[in-house]
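Q: In the working numbering, the protein residues as written are 252 to 831. Quick reminder that beta carbons are idealized off the backbone N, C-alpha and C, glycines included. Everything numeric in this text was worked out from a predicted model, so none of it was measured.
#1: According to DSSP, is residue 337 part of a helix, a strand, or is it coil?
#2: Which same chain residues, not among the five before or five after residue 615, have their C-beta less than 6 Å away from its C-beta?
#3: Check this for me: beta carbons of residue 695 and residue 605, under 9 Å apart or not?
#4: Please look up how many angstroms separate the CB atoms of residue 590 and residue 624, rounded, as I've assumed it's under 8 Å.
#5: If you run the structure through DSSP and keep just helix, strand and coil, what is residue 374?
#6: I'd like the list of long-range same chain contacts for residue 380, defined as Cβ closer than 7 Å, with 5 residues on each side in sequence excluded.
#7: Determine the extent of the beta strand (DSSP E) in which residue 489 is found, giving its start and end residues.
#8: Starting from residue 503, follow its DSSP beta bridges and name the residues at the other end.
#9: How many angstroms separate the CA atom of residue 621 from the CA atom of residue 297?
#10: Rounded to the nearest angstrom, what separates residue 698 and residue 633 at their Cα positions?
#11: Buried or exposed: residue 377, going by 16 or more other Cβ atoms within 10 Å of its Cβ?
#12: Output needed for residue 487: all residues of its chain with C-beta closer than 6 Å, excluding positions within five of it in sequence on either side, in chain order.
#13: Among the candidates 794, 751 and 779, whose CA atom is the shortest distance from the CA of residue 764?
#14: Taking the C-alpha atoms as reference points, what is the distance between residue 398 and residue 455?
#15: For residue 479, I'd like the list of residues in its chain whose CB is within less than 6 Å of its CB, leaving aside the five on either flank, ordered along the chain.
#16: Taking the alpha-carbon positions, what's the residue 517 to residue 617 distance?
#17: Have a look at 656, 288, 289 and 315 and flag the residue whose alpha-carbon is nearest the alpha-carbon of residue 300.
#18: When the Cα of residue 687 is compared with those of 502, 529, 596 and 460, which residue comes out closest?
#19: Rounded to whole angstroms, what's the CA-CA distance from residue 595 to residue 648? Just pull it up for me.
#20: What number of angstroms, rounded off, separates the C-alpha of residue 512 from the C-alpha of residue 506?
#21: Quick check: does the Cβ of residue 729 come within less than 8 Å of any heavy atom belonging to the ligand SAM?
#22: If you run the structure through DSSP and keep just helix, strand and coil, what is residue 517?
#23: Assuming residue 428 contacts residue 569 under a Cβ cut-off of 8 Å, what Cβ separation, rounded to an integer in Å, is found between them?
#24: Looking at the unbroken alpha helix (DSSP H) that takes in residue 467, where does it start and where does it end?
#25: Give me, in chain order, the residues of the same chain whose beta-carbon lies closer than 6 Å to that of residue 369; leave out the 5 immediate sequence neighbours on both sides.
#26: Going along the chain, which unbroken runs of the beta strand (DSSP E) with 3 or more residues stay wholly within the stretch 414–454?
#27: Can you tell me which of 446, 452, 421 and 495 puts its alpha carbon nearest to the alpha carbon of residue 464?
#28: Any idea if residue 689 is buried or exposed, counting beta-carbon neighbours within 10 angstroms, 16 or more meaning buried?
#29: Cutting at 7 Å between CB atoms, please list the residues of its own chain near residue 612, excluding the five before and the five after it.
#30: Applying the 10 Å Cβ sphere with the 16-neighbour rule, what's the burial state of residue 523?
#31: From residue 452 to residue 580, what does the alpha carbon distance come to, in whole angstroms?
#32: Check each candidate in 755, 798, 747 and 751 and name the one with the smallest Cα separation from residue 771.
#33: Can you check DSSP and say which residues form a bridge with residue 584?
#34: Does the beta-carbon of residue 643 have 16 or more other beta-carbons within 10 angstroms, so that it is buried, or is it exposed?
#35: Any idea which residues DSSP pairs residue 758 with across the strands?
#36: Taking the CB atoms as reference points, tell me whether residue 551 and residue 718 lie closer together than 9 Å.
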């Protein structure tokens, strides 16, 4: 039926004198409606860009409706309540043997490992399959990487080659862009140039496709379009019930469902995160100068957004889709409290600030896609195993740095360690929660980095100047270039409790360094003579010392050369532009 308007006002010179009195009627009955809000600039831009289907993983959705859904979740997280929402009970422990249950008999669907969450989970699944294990992957979407590239160094990708997930030819095939040098910039301070840091743009679409093909060739089984409903853990197996009605059985379940895993929500009892990293950005076409990247660029001062004070940081990388295509990210760290900014508010700032940052005009650019994401972080990370036969992996475990957004880099670092540890846990049947927790141990280097996230989060304090964070970061980067250690000064705004907590982790960092450097060489030759359970525990303990002290990182020849130069103050160790 057509919508008719009954006008209850007078008209003078063609203008309604009482426009508020316009009332809609349909079939003689009054119809109520709400006035449509004026679309934001972000909405207009996003609705004018064609987007492809959503894929799993962070940054896998680009539509305006996806942005609004994520902002609604962000509002829940930042509410006044200490609990975001009461979590659904996904995992339950069942006494007795799986063999005595009603589920026994379907041996065709029995696996050694089932990985829930395929975007990053496919990497650990393939690594375990290469060791002869029967592995399945459950993914609620199509198992496919996102369009937006992952930025990483070649050295980090080579760790996937060592594990057997990729070949060097695969790296060449998946690499969409390569660029050097890379800038660490500080507005009003100067620029520090580094080499081979996040200097590759890798296509997740191609990379995930390559790894998935290898997984299939190794006999792996993929369940696409299936979601986790519940898990029953018996003494000798875990039963995974999918929402679509299928039931799977496994000796071990790996939770790779990311930051918002329903299992993690249950373990953390719906508790809100201790910190949040909010990220927005675009991939645009039209950049004439596009040969270098920004690893980090900090704005001069903090800025008020709504009821919050935020410090914006930037990253920028050439994109592999074309020589004039470039990705720019704007991100900030916030406490998840009422009044925290929404992603759409950040994007409104982004449209104003990005042209100044990159020296371009949006009038000269074609926006290919808009990127956004939220990354919660918890101080008590990595997350120990809370149940027998279930282990968190990747972002779900919280093993990534609290100052990063996205866990692909930490995946490459820990994949070899975790693959070996999981295989040995299965081989020895060490699948109780205590044994599995040794695969996600306390790491003082990770815990101590919390100080930097707190220091990089702007706060409304009268005793802290607006350019404090920019000054602090610049001083620390200069210090790390010269000495290899951060400046432990002017962390004024983090507060005494945070400083004391950090100091405890710093002492443990030194302790782990001592243990890994001096005790490890004494114990390691003896480990193979230990009983199986003791051998497993000592291996995990030595790994915790090594990785917890950051001693797993091996310098490349070029990095070793730079380290040698740092010991000679007469040699230039970094270059700066307009250093003030």
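A: Straight from the coordinates:
#1: Coil.
#2: Correct list, in chain order: 537.
#3: It is not a contact, given that the beta carbons lie outside the stated cut-off.
#4: Contact annotation, residue 590 with residue 624: C-beta distance approximately 21 Å; criterion of less than 8 Å not satisfied.
#5: It is helical.
#6: Answer for residue 380: 386, 466, 469, 470 and 471, listed in chain order.
#7: DSSP places residue 489 inside the beta strand (DSSP E), whose first and last residues are 489–493.
#8: Residue 503 is bridged to 364.
#9: So the alpha carbons of these two residues sit roughly 7 Å apart.
#10: One C-alpha to the other measures close to 9 Å.
#11: When all chains shown are included, residue 377 counts as buried.
#12: Answer for residue 487: 348 and 349, listed in chain order.
#13: Looking from the CA of residue 764, the closest CA among 794, 751 and 779 belongs to 794.
#14: The straight-line gap from Cα to Cα measures roughly 7 Å.
#15: The answer, listed in chain order, is 367.
#16: Straight-line Cα distance between these residues: approximately 43 Å.
#17: Residue nearest to residue 300 within the set 656, 288, 289 and 315 is 315 (criterion: CA-CA distance).
#18: Ranked by how close their Cα comes to the Cα of residue 687, the residues 502, 529, 596 and 460 have 502 in first place.
#19: Inter-residue distance for residue 595 and residue 648 is about 28 Å (C-alpha atoms, whole angstroms).
#20: Distance between the alpha carbons of residue 512 and residue 506: 8 Å.
#21: Only the bare structure without any ligand can be found here, which leaves the ligand SAM out of the picture.
#22: Residue state, collapsed to three classes: helix.
#23: Contact holds; Cβ gap of about 5 Å.
#24: 455–468 is the span of the alpha helix (DSSP H), which, as asked, contains residue 467.
#25: The answer, listed in chain order, is 388, 390 and 394.
#26: Listed in chain order, the complete beta strand (DSSP E) runs (minimum 3 residues) inside the stretch 414–454 are 426–429, 433–437, 441–445 and 451–453.
#27: Nearest to residue 464 by alpha-carbon distance, out of 446, 452, 421 and 495, is 421.
#28: It counts as buried.
#29: Cβ-Cβ distances below 7 Å link residue 612 to 606 in the same chain, with the five nearest sequence neighbours on each side left out; the list follows chain order.
#30: The residue is buried, with at least 16 neighbouring Cβ atoms inside 10 Å.
#31: Taken atom to atom, the span from the alpha-carbon of residue 452 to that of residue 580 is near 14 Å.
#32: In this structure, 798 is the residue among 755, 798, 747 and 751 with its C-alpha nearest to the C-alpha of residue 771.
#33: In the DSSP assignment, the residues bridged to residue 584 are 528.
#34: Result: buried.
#35: Answer is none; residue 758 lacks a bridge partner.
#36: Yes. Within cutoff.
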